[in-house]
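The opening residue of the sequence shown carries number 458 in my numbering; numbering runs sequentially from there.
A short worksheet on the structure shown next.
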Amino acid sequence: MECCIRFVNFKYLLIVSYLIFIQLGCGESKEGIRPEIGEMTESVYASVKIEPIGLYKAFAAAPGIIESIHVDEGDSLLIGQAIASIKAERASINRSDAVIQAELARENYNGQAAILSSLKDELESYRKQFSMDSLNYYRQKRLWEQNIGSKNEYEQAELRYDLTRNTLSRLEKNYLQNEKQLESNYLQSMNALEHADVMLSDYTVSSRIDGMVYQVLKVEGEVLGQMEPIAVIGSADSFILKMSIDEVDIARVS
């Protein structure tokens, strides 16, 4: 009898414990997964390359043998600074000839030993002579009109006056013609010199920007073709990020 009572009590305890557990479980707040509307981030693959701004390959305007390279990789450059020089014997000779011709033309036009200088001296001399002959002629003319003096003196004065006047006119025309011709020769010689300078500059590779030498592609003594770069130049402190994305993914990038 005692054993039966204990069994009933144990069974009663199990039922009560279960009911309490259920009650406690129902009283707790449970969190679940709830959907929300928002932005979605999607990734695509891209290869990235960093380049200096203004990056370019330096070419020579004229082909030839590289005489000297004036820079090393990593050197800073100023705009117009020489990067390399190409042998230019023919161009150098042409420029030397142009310098000589320009100097000669300048000396003839406005130098101390200029042709115009001697013509001008002769012109001034005849102007003075013409002034004297003119005074003498008009004086003799007035005297002759007053029946003073001889006709021969009057005619001689008139002859000298006409001769000097004609000579002076010829010298003035000659001076103006020579001045115009010498000026033209001088301007042409300066144009020829400028052209020779341009031709010679084609044999010097210069920097187009203020920047840095990133790569030297040739060595001294090497033959450089007209379409062959000699160096790679770019900005020293400004860069651009370039990304290459597959054409399938490009539409998904905004």
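In this text, a Cβ means the ideal position worked out from N, Cα and C, and glycines have one as well.
Just so we're clear, the structure is a prediction, and the values are computed from it rather than from any experiment.
- Message: Runs of 3 residues minimum, wholly inside the segment 479-545: which ones carry the beta strand (DSSP E) assignment?
- Response: 503-509, 513-516, 521-526 and 539-543
- Item | Alpha carbon of M684 to alpha carbon of R665, nearest angstrom | As a first step, residue 684 must be located in the sequence shown, where it is residue number 227. As a first step, residue 665 must be located in the sequence shown, where it is residue number 208. Those two C-alpha atoms are separated by around 17 angstroms.
- Message: Pairs of beta-carbons, one from the segment 534-548 and one from the segment 586-598, closer than 8 angstroms: are there three or more?
- Response: no
- Task: Taking all protein chains shown into account, decide if R724 is buried (16 or more other Cβ within 10 angstroms of its Cβ) or exposed.
- Result: Only positions 458 to 711 of the chain appear in the structure, and residue 724 is not among them; the question remains open.
- Message: Which residue marks the beginning of the beta strand (DSSP E) containing S588, and which one marks its end?
- Response: Looking up residue 588 in the sequence shown gives position 131. Element bounds for S588: not the beta strand (DSSP E) but the alpha helix (DSSP H), I572 to E602.
- Please report the residue range of the alpha helix (DSSP H) in which V655 lies. Within the sequence shown, residue 655 is the residue found at index 198, counting from 1. Note, V655: alpha helix (DSSP H), K608 to S658.
- Task: Determine the burial state of N609: buried for a count of at least 16 other Cβ atoms within 10 Å of its Cβ, exposed for fewer.
- Result: In the sequence shown, the residue the question calls residue 609 occupies position 152. With fewer than 16 other Cβ atoms within 10 Å, it is exposed.
- Which residue from L674, E679 and V680 puts its Cα closest to that of A688? As a working note, residue 688 is residue 231 in the sequence shown. Nearest of L674, E679 and V680 to A688, Cα basis: L674.
- Through-space distance from E651 to S641, alpha-carbon basis: Stepping through the sequence shown from its first residue, residue 641 is reached at position 184. Stepping through the sequence shown from its first residue, residue 651 is reached at position 194. Distance between the alpha carbons of S641 and E651: 15 angstroms.
- Pick out whichever of I526, E546, D619 and D554 has its Cα sitting closest to the Cα of Y583. In the sequence shown, counting from the first residue as 1, residue 583 sits at position 126. When each option's Cα is compared against that of Y583, the closest is D619.
- Message: Rounded to the nearest angstrom, what separates E508 and E636 at their Cα positions?
- Response: Indexing the sequence shown from 1 puts residue 508 at position 51. Indexing the sequence shown from 1 puts residue 636 at position 179. Cα-Cα distance, rounded: 59 angstroms.
- Query: Which whole-angstrom value is the C-beta distance of K699 and K506, which I expect to be below 8 angstroms?
  - Reply: Here residue 699 refers to the residue found at position 242 of the sequence shown. Here residue 506 refers to the residue found at position 49 of the sequence shown. The Cβ separation is near 5 angstroms, so the contact holds.
- Item | CB of A562 within 9 angstroms of CB of Q634, strictly | For the purposes of this step, residue 562 is taken as residue 105 along the sequence shown, with counting starting at 1. For the purposes of this step, residue 634 is taken as residue 177 along the sequence shown, with counting starting at 1. Cβ atoms of A562 and Q634: not closer than 9 angstroms.
- Task: Determine the direct distance from the alpha carbon of G511 to that of I691, and round the result to whole angstroms.
- Result: Looking up residue 691 in the sequence shown gives position 234. Looking up residue 511 in the sequence shown gives position 54. It should be noted that the sequence gives Gly, not Ile, for residue 691. Taking the straight line joining both Cα atoms gives about 5 angstroms.
- Query: Just the Cα atoms here: how many angstroms apart are A727 and V705?
  - Reply: In the structure as shown, the chain starts at 458 and stops at 711, and residue 727 therefore has no counterpart that could be examined.
- Query: Which first and last residues belong to the beta strand (DSSP E) in which K698 is found?
  - Reply: Numbered from its first residue, the sequence shown carries residue 698 at position 241. Checking the sequence shown, residue 698 turns out to be Leu, not Lys. L698 -> beta strand (DSSP E) spans F696 to I702.
- Message: On the CB-based measure, 16 or more other CB atoms within 10 Å of its CB, does L639 come out buried or exposed?
- Response: Taking the sequence shown and counting its residues from 1, the one referred to as residue 639 is at position 182. That one is buried.
- Query: So what's A688 in DSSP terms, helix, strand or just coil?
  - Reply: The sequence position of residue 688 within the sequence shown is 231, counting from 1. Strand.
- Query: Looking at the structure shown, is S664 part of a helix, part of a strand, or coil, going by DSSP?
  - Reply: Position 207 of the sequence shown, counted from the first residue, corresponds to residue 664. Here S664 sits in coil by DSSP.
- Task: Please go through the same chain and pick out, in chain order, the residues whose beta-carbon is closer than 6 angstroms to the beta-carbon of S695, but skip the five residues on each side of it.
- Result: Numbered from its first residue, the sequence shown carries residue 695 at position 238. Same-chain partners within the cutoff: I510.
- Query: Which partner residues does V680 have in the DSSP bridge list?
  - Reply: Position 223 of the sequence shown, counting from 1, holds the residue named residue 680. Its beta-bridge partners are I522.
- Item | Coil, strand or helix - V556 by DSSP | The count along the sequence shown starts at 1 and reaches residue 556 at position 99. Helix at V556.
- Message: Considering only DSSP beta bridges, list what V705 is partnered with.
- Response: What you label residue 705 is simply residue 248 of the sequence shown in a count that begins at 1. Note: V705 sits in no beta bridge, so no partner.
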